[in-house]
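In this text, residue positions in the sequence shown follow numbering that gives the first Met the number 0: the first is 0, and each later residue adds one.
Here is the structure we will look at.
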Amino acid sequence: MLANNIWTLLASLFENVLFLPYDFFRKGISGWWASNAMSWVLILIGFIALFYWMGQMFKYKKEGKEDLA
0 MLANNIWTLL ASLFENVLFL PYDFFRKGIS GWWASNAMSW VLILIGFIAL
50 FYWMGQMFKY KKEGKEDLA
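Next up, the structure:
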């Protein structure tokens, strides 16, 4: 019974909270840019994370702390 409640809670979380932006876009947004806004946001977050990670790698390489094994 507890496992069923956990899955029900997860389903409710995704359907009622996390997918609200997608419901908003599905119900009446016209236009390519508005329809793909969530994709652009995720791509932007990915690029920010990539550049941060590359900056950290360059910092460690400059300090000579990289793994040379």
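Don't be surprised by glycine CBs; every beta carbon is placed ideally from N, CA and C.
This structure is a prediction, so every number in the text was calculated from the model and none was measured.
Through-space distance from residue j to residue i, alpha-carbon basis
i   : j   : result
M43 : L19 : In the sequence on display, residue 43 carries Leu and not Met. So the two alpha carbons sit approximately 20 Å from each other.
G27 : S34 : 10 Å
F57 : K64 : 10 Å
A48 : L1  : 37 Å
W32 : Q55 : 33 Å
L9  : F24 : 22 Å
M62 : F46 : Just to set this straight, residue 62 is Glu in the shown sequence, not Met. If I take the Cα positions, the gap works out to 24 Å.
M53 : N3  : 43 Å
W39 : G30 : 14 Å
Three-state secondary structure assigned by DSSP to residue i
i   : result
F23 : helix
N4  : helix
For residue j and residue i, believed in contact at Cβ under 8 Å, the rounded distance
i   : j   : result
M37 : Y51 : With 8 Å as the limit, M37 and Y51 do not qualify as a contact, their Cβ atoms being about 21 Å apart.
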